[in-house]
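Novice: This is the structure I want to talk about, given as structure tokens.
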């Protein structure tokens, strides 16, 4: 990513940014990413991202938890050390439901969250590129990589201004 | 076009902008601790030290420092445990259930409520460890391979379910809380310099607020809420199984799971109410935690209080209807026996007093709300005391009948949990943002006076 030149459009309002993204992409400009202080609904769609499917991770980890819990209770209670309590079943299914449920939730929640951290490259040592520090405060920021676009710096800058950007800055990364 | 319902009350007052939100909330994290904070924090630490000395004495001397006897083998320990776990339900409830129901007013209180949940669950767990008597053997409750022969824990026991339920609930609550904190930690990082930037930078794990990350983040939050909702219901259900699966008259009832869950929501909301009423004044957050929030919390307190009231009456009816003499006696003994005062304290605090909230004037009175929240939690403590002690103190054998009197050990170990709870809460409120900035900003537009021209469209 060395020596990449970015144009950073700063917007004051989330809806303006959303419309700007639609307009600018319509002009054939490739957007690097939009940074906002809170989630703007529909922004991922406007940027052409696919629907987030974190549920898949949650399901896979959850089903792993279910299987592990069943295996644990079945093996310990039914195989390794069966206890005879008045001739009852060694492995009565209903009494294992709480354990199975809890482990399912535990693995689904942690598995999904760590998948999310991994996918977004989030970790205590990760060094993020921050295009404008105000993007976690009150500004809505659009970053455009000039090297990946055919239009010139001036043209894109003009487009950003026209679609409502209050400032357009240049940032080299 | 931005559509806003004209009937909705504004959630954030005095025309705050996005930047105002950041400033108002970050102020107490970035500034020096105030004098008030130092005083209350100092008191909490002293209480904690006093309690910690007694907890140490409990471990050193044994459970003889408590007032337990041959007949009453569980008293304040498990009462306190159930009480704290119940309080610990509100955080996840506010974040998860209200998120699923799209209740926007939760955004101002969810952060503090979740933090409170975590600390309350730690307090609850401390009583479990204490009542073991030999806390260094606490790991016996886990299914670990061991050298004592391959003896495993008994998965048929509700006490083992409890270990799994509480630890899962604690871990998932911490995760939910932390994930909610990430964007706000990034906000603090981007405003800070020096050591603070490094610390909050590491905690913010490189969050930038990119659109793809936000989309996934929202998805993760929603699924976590979906997972936490049955989880929070399961935890108190399983706590109630500790009693309901036994054969003690007064405990052996099928109504326990829903009744315990309703009671948990009831006491948890009361505790959140108490903490937020203090926090909003100390940190000058009156524009974020408004009368509307207080009133909505009171409505939920009234609802759950009434559910609990119906459960009390149902229990009595079922005991009478069952025709089981022991069951009937257990309930008559509760209301008229030697511990009648605890039963009527519970009835007054939990069932009668919240009914005052049917009046709008009462519901929107800050002082009354605060006092009522304290009353509710006193009532909920007595509820657990009534269930546990009055069911035990007169058992099947009249020669064993006895009375329970707490000793210094019982009282001081309970004080310990308060010391820990408030010390942890004050540390949290100083070093982390007490209100979820990102979420408040996201509801600002639909619920602030800042955008009158957009409101006019629909009004």
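Residue numbers (our numbering), protein chains in the order written: chain A, 163 to 335; chain B, 727 to 1185. Ideal Cβ positions, reconstructed from N, Cα and C, are used throughout, including at glycine. Just so we're clear, the structure is a prediction, and the values are computed from it rather than from any experiment.
1) Determine the burial state of residue 192 of chain A: buried for a count of at least 16 other Cβ atoms within 10 Å of its Cβ, exposed for fewer.
2) Are residue 839 of chain B and residue 998 of chain B close, meaning C-beta to C-beta below 7 Å?
3) Tell me where the alpha helix (DSSP H) around residue 707 of chain B begins and ends.
4) Select from B:955, B:964 and B:752 the residue whose C-alpha is nearest the C-alpha of residue 882 of chain B.
5) Flag this pair as yes or no: are the beta carbons of residue 223 of chain A and residue 285 of chain A separated by less than 7 Å?
6) In its own chain, which residues sit with a C-beta less than 8 Å from the C-beta of residue 334 of chain A, not counting the 5 before and 5 after it?
7) Among A:303, A:189, A:266 and A:299, whose alpha-carbon lies nearest the alpha-carbon of residue 954 of chain B?
8) For a contact meaning CB atoms closer than 7 Å, what does residue 285 of chain A contact in chain B?
9) Which of the three DSSP states is assigned to residue 258 of chain A in this structure?
10) For residue 206 of chain A, which option in A:304, A:259, A:245 and A:322 has the closest C-alpha, if you only look at C-alpha atoms?
11) State the start and end residues of the unbroken alpha helix (DSSP H) segment that holds residue 930 of chain B.
12) Could you check if residue 238 of chain A is buried or exposed, using at least 16 other CB atoms within 10 Å of its CB as the buried criterion?
13) Could you tell me which of B:797, B:1039 and B:947 sits nearest to residue 1078 of chain B, measuring between CA atoms?
14) If residue 297 of chain A sits next to residue 185 of chain A, beta carbons under 8 Å apart, how far is it from one beta carbon to the other, in whole angstroms?
15) Check the Cβ-Cβ distances between residue 196 of chain A and every residue of chain B, and say whether any is below 7 Å.
16) Just to confirm the assignment, what range does the alpha helix (DSSP H) spanning residue 1043 of chain B have?
17) Using the Cα positions of residue 871 of chain B and residue 214 of chain A, report the straight-line distance between them to the nearest angstrom.
18) I need the DSSP call for residue 1122 of chain B, collapsed to helix, strand or coil.
19) With a cut-off of 7 Å, does the C-beta of residue 1167 of chain B fall near any C-beta of chain A?
20) Pick from B:993, B:1009 and B:1021: whose alpha carbon is nearest that of residue 1108 of chain B?
21) Given this structure, state the Cα-to-Cα distance separating residue 1051 of chain B from residue 1115 of chain B, to the nearest angstrom.
22) State yes or no: is the C-beta of residue 183 of chain A within less than 7 Å of the C-beta of residue 331 of chain A?
23) Could you check whether the Cβ of residue 680 of chain B sits closer than 7 Å to any Cβ belonging to chain A?
24) I'd like to know if residue 744 of chain B contacts chain A, where contact means its C-beta is closer than 7 Å to some C-beta of that chain.
25) Return the chain-ordered list of same chain residues with a C-beta closer than 7 Å to the C-beta of residue 971 of chain B, the five sequence neighbours on each side being excluded.
26) Which one of B:1073, B:1134, B:766 and B:890 has the shortest CA to CA distance from residue 783 of chain B?
27) Chain B partners of residue 289 of chain A, CB-CB under 8 Å?
28) I need the straight-line Cα distance from residue 859 of chain B to residue 789 of chain B, nearest angstrom please.
29) Tell me the start and end of each unbroken alpha helix (DSSP H) in the segment 770-857 of chain B that is at least 4 residues and wholly inside, in chain order.
30) Taking Cβ-Cβ distances below 7 Å as the criterion, which residues of the segment 209-225 of chain A are in contact with chain B?
31) With a cut-off of 8 Å on the beta carbons, I'd call residue 1016 of chain B and residue 739 of chain B a contact; round off their distance for me.
32) Between the segment 867-880 of chain B and chain A, which residues of the former have a C-beta closer than 9 Å to a C-beta of the latter?
33) Compute the beta-carbon to beta-carbon distance between residue 1060 of chain B and residue 1112 of chain B, rounded to the nearest angstrom, for a pair I have assumed lies under 8 Å.
34) Using CA coordinates, which residue listed in B:952, B:1163 and B:1102 is at the minimum distance from residue 217 of chain A?
35) Could you run through the segment 312-323 of chain A and flag, in chain order, every residue whose CB is less than 7 Å away from some CB of chain B?
36) Rounded to the nearest angstrom, what separates residue 961 of chain B and residue 918 of chain B at their Cα positions?
Specialist: Looking at the atomic coordinates:
1) exposed
2) A Cβ-Cβ contact shorter than 7 Å links residue 839 of chain B with residue 998 of chain B.
3) Residue 707 of chain B lies beyond the range of chain B shown here (727 to 1185); nothing can be said about it.
4) Cα-wise, what sits closest to residue 882 of chain B is B:964.
5) no
6) 165, 166, 167 and 168
7) When C-alpha distances from residue 954 of chain B are compared across A:303, A:189, A:266 and A:299, the shortest belongs to A:266.
8) 931 and 932
9) Helix at residue 258 of chain A.
10) Ranking A:304, A:259, A:245 and A:322 by Cα distance to residue 206 of chain A puts A:304 first.
11) From DSSP, residue 930 of chain B is part of no alpha helix (DSSP H); its letter is neither H nor E.
12) buried
13) B:1039
14) That belief does not hold up - the Cβ atoms of residue 297 of chain A and residue 185 of chain A are roughly 20 Å apart, past 8 Å.
15) yes
16) 1017-1048
17) 40 Å
18) coil
19) Residue-level contact by beta carbon holds for residue 1167 of chain B and chain A, with a gap shorter than 7 Å.
20) Here the closest residue by C-alpha is B:993.
21) 19 Å
22) no
23) The requested residue 680 of chain B is not part of the displayed model; chain B covers only 727 to 1185.
24) yes
25) 884
26) B:1134
27) 932
28) 6 Å
29) 802-813 and 836-857
30) 209, 211, 214, 216, 217 and 220
31) 6 Å
32) 869, 875, 876, 877, 878, 879 and 880
33) 6 Å
34) Ranking B:952, B:1163 and B:1102 by Cα distance to residue 217 of chain A puts B:952 first.
35) none
36) 39 Å
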